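Working notes for the structure below.
Chains as they are written, first to last, in my numbering: chain A, 1 to 279; chain B, 280 to 603.
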């Protein structure tokens with residue numbers, strides 16, 4: 001079957017226009033990170049007069065970027081792992097059991113997307129402060145506070161995606177395991193989880209991206225001790241000078257791990273989304 | 280949403296019958312609850328308890344004087360709501376304006392993101408050389424940490440050293456002076472463009488995943504019958520993507536209406552009236568004036584509005600599904 005001319009024209013125009021729209025900010029980010037400071041302060045130029053890797057060296061000194069990086073990695077990895085473990089159990093219950101209150105679940109997932117962050121930001125902050133005064137557990141200004149906050153952000157969607165994935169695994173496998181004498185937990189660990197690996201990867205990527213990019217809570221809940229990249233990156237412009245070249249260089253550095261990870265695993269991600277959403 | 284309806288259908292008949300027939304609880308009935316407990320506890324602590332606290336706070340006079348000792352803040356009933364909804368007062372007028380801007384912002388961003396995502400998904404539906412490259416490229420804005428992408432745009436939109444003004448005035452030779460993009464009325468277009476740049480890849484991703492389950496021979500049959508591409512899209516693609524679209528549009532609507540990060544990173548401390556989206560407005564109303572009771576009341580109003588719209592949307596969609 002051949003495409004009509006109209007189809008071909010549509011395809012070429014759509015792909016060209018969207019490619020330009022997508023690439024320009026990425027190009028500006030990469031090229032500006034390689035310019036000396038005076039070049040990014042003057043008029044913009046698409047092609048730099050001189051290229052330098054100096055911004056990539058200076059950016060670590062202007063703000064303590066390495067510390068922020070470590071904080072972001074610890075917070076995001078911990079939140080992702082915890083969220084994944086909790087989501088696995090919850091999704092297993094939703095997928096394999098009938099129990100009272102299960103129909104509430106889909107409504108609950110949806111309504112968490114509805115909550116304005118500003119509504120529970122301040123109460124959460126005050127609750128954390130009260131926990132500290134009453135129980136001596138410090139949550140504001142520590143990584144632990146951010147970790148438990150972030151893990152709840154990705155949890156509803158993770159459970160929903162995983163439950164969809166688990167539903168796609170034939171129940172005959174469960175039955176067979178039961179006949180062989182496996183309890184529910186052994187069935188989960190030896191049968192379901194190995195089969196659901198692409199779904200687990202998808203959920204992990206989603207969780208990690210959620211934590212790595214969060215700005216609102218990070219800007220209120222962090223102090224110098226636990227500042228993440230999301231807040232740290234904005235500190236280049238609160239100095240007397242706006243170090244645009246270093247900001248762009250730092251943006252490239254914080255983006256590379258997650259973009260590469262996402263692009264390598266995008267097939268899993270699409271498969272996980274398909275299982276959860278397209279039914 | 281659609282996944283859980285599938286869940287319900289698969290087992291609920293058997294489950295309901297079982298529950299009625301068996302009086303004593305079956306062994307291990309507690310297991311699903313135990314499995315769900317950690318998720319429920321964390322959601323309660325981080326979402327539900329703070330939300331209920333927030334609703335309670337909206338009835339308090341929680342200003343700077345009481346914030347250190349918020350247990351003693353006086354109860355003022357619906358005063359905060361009256362102020363927020365009194366459109367003759369400065370506070371009420373500000374909220375109403377911000378609401379209007381957010382409605383326009385949401386319609387533009389969700390509509391255009393859906394359109395771009397759909398166009399890209401259809402353009403990449405068929406296999407051709409280089410298809411994987413473009414698919415990967417289009418997903419990059421979604422994979423980038425949100426603040427990195429927005430900061431790059433912030434640089435592009437600078438007046439004197441930004442790329443956009445350079446392109447329009449130095450490269451394309453537009454007459455006149457270079458305008459500000461992040462201050463004044465242009466700020467609205469700035470935040471719309473940046474939000475679309477971030478959101479459309481998500482629409483693309485979901486629609487592309489949905490298209491994978493559409494068998495290609497339907498199109499061949501339609502084309503043998505003489506259906507033109509646009510007609511094929513209207514009669515085949517769109518109806519088959521309906522389940523995806525239903526949740527996609529709702530989720531995009533909620534995210535966009537609640538969007539705080541884009542204006543926060545793009546505008547920083549300076550808050551142009553034209554880019555005063557509602558979450559950002561409430562945040563500033565709470566933290567700049569230190570009036571948290573009033574801020575909480577505005578958040579509750581926002582939540583009420585979103586629940587009503589989502590409820591109507593879901594009802595309407597379900598009814599259309601039943602009629603079909």
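Even for Gly, the Cβ is constructed at its ideal location relative to N, Cα and C. Keep in mind that this is a model prediction, so the values were computed, not measured.
- Judged by their CB atoms, residue 20 of chain A and residue 75 of chain A are not nearer to each other than the 7 Å cut-off.
- Our two residues, residue 510 of chain B and residue 501 of chain B, have alpha carbons roughly 9 Å apart in a direct line.
- Judged by pairs of C-beta atoms under 8 Å, the stretch 217 to 224 of chain A touches the stretch 139 to 157 of chain A, as three or more such pairs exist.
- Using a Cβ distance threshold of 7 Å, residue 336 of chain B and residue 564 of chain B do not count as a contacting pair.
- With a cutoff of 7 Å on beta-carbon distance, residue 109 of chain A and residue 162 of chain A are scored as not near each other.
- Chain-order list of chain B residues neighbouring residue 42 of chain A: 439 and 440, by C-beta distance under 9 Å.
- Excluding its 5 nearest sequence neighbours in each direction, residue 72 of chain A has C-beta neighbours in its own chain below 7 Å: 212, 228 and 229, listed in chain order.
- Residue state for residue 527 of chain B is assigned as helix, using DSSP reduced to three classes.
- Flagged as an interface residue toward chain B: residue 29 of chain A, by a C-beta distance shorter than 7 Å.
- For residue 407 of chain B, the secondary structure class from DSSP, reduced to helix, strand or coil, is coil.
- Selection A:252, A:4, A:107 and A:113 evaluated against residue 537 of chain B yields A:113 as nearest (Cα-Cα).
- Residue B:590 holds the alpha-carbon nearest to the alpha-carbon of residue 107 of chain A among B:400, B:590 and B:598.
- Residue contact with chain B for residue 86 of chain A: present (Cβ-Cβ distance below 7 Å to some residue of chain B).
- Our two residues, residue 559 of chain B and residue 180 of chain A, have alpha carbons roughly 57 Å apart in a direct line.
- The C-beta distance from residue 65 of chain A to residue 52 of chain A rounds to 18 Å, too long to meet the 8 Å contact threshold.
- In this structure, residue 176 of chain A sits away from residue 56 of chain A, with a CB-CB distance that is not shorter than 7 Å.
- In the DSSP assignment, residue 172 of chain A falls within the alpha helix (DSSP H) that extends over 171 to 179.
- DSSP places residue 366 of chain B in the coil class of the three-state scheme, outside both helix and strand.
- Taking the Cα positions, residue 77 of chain A is about 9 Å away from residue 207 of chain A.
- Within 10 angstroms of the beta-carbon of residue 456 of chain B lie fewer than 16 other beta-carbons, which makes it exposed.
- Residue pairing by DSSP places residue 339 of chain B opposite B:354 in a beta bridge.
- Close partners of residue 478 of chain B in chain A (Cβ separation under 7 Å) are lacking, with about 13 Å as the shortest Cβ gap.
- Within a 10 Å sphere around the beta-carbon of residue 440 of chain B sit 16 or more other beta-carbons, which makes this residue buried.
- Residue 53 of chain A: not part of any alpha helix (DSSP H); DSSP gives it neither H nor E.
- For residue 62 of chain A, the nearest beta carbon of chain B is not closer than 7 Å to its own beta carbon.
- With a cut-off of 8 Å on Cβ pairs, the stretch 378 to 396 of chain B is in contact with the stretch 528 to 543 of chain B, counting three or more such pairs.
- Of the residues B:378, B:499 and B:342, the one whose Cα lies closest to the Cα of residue 582 of chain B is B:378.
- Chain-order list of chain A residues neighbouring residue 344 of chain B: empty, with the shortest C-beta distance near 16 Å, by a criterion of under 9 Å.
- Around the CB of residue 408 of chain B, fewer than 16 other CB atoms lie within 10 Å, so the residue is classed as exposed.
- Interface residue (Cβ-Cβ distance to chain A less than 7 Å): residue 431 of chain B is classified as such.
- As summarised for the stretch 457 to 543 of chain B, the continuous alpha helix (DSSP H) elements at least 4 residues long and confined to that stretch are 465 to 490, 495 to 503, 508 to 511 and 521 to 536, given in chain order.
- Taking the C-beta atoms as reference points, residue 268 of chain A is found no nearer than 7 Å to residue 32 of chain A.
- In the three-state DSSP reduction, residue 64 of chain A falls in the coil class, being neither helix nor strand.
- For residue 59 of chain A, same chain residues with a beta-carbon under 7 Å away, outside a window of 5 residues either side, are 65, 246, 249 and 250 in chain order.
- Judged by DSSP in its simplified three-state form, residue 329 of chain B adopts helix.
- With respect to the 7 Å criterion, residue 352 of chain B and residue 341 of chain B are classified as neighbours on the basis of their beta carbons.
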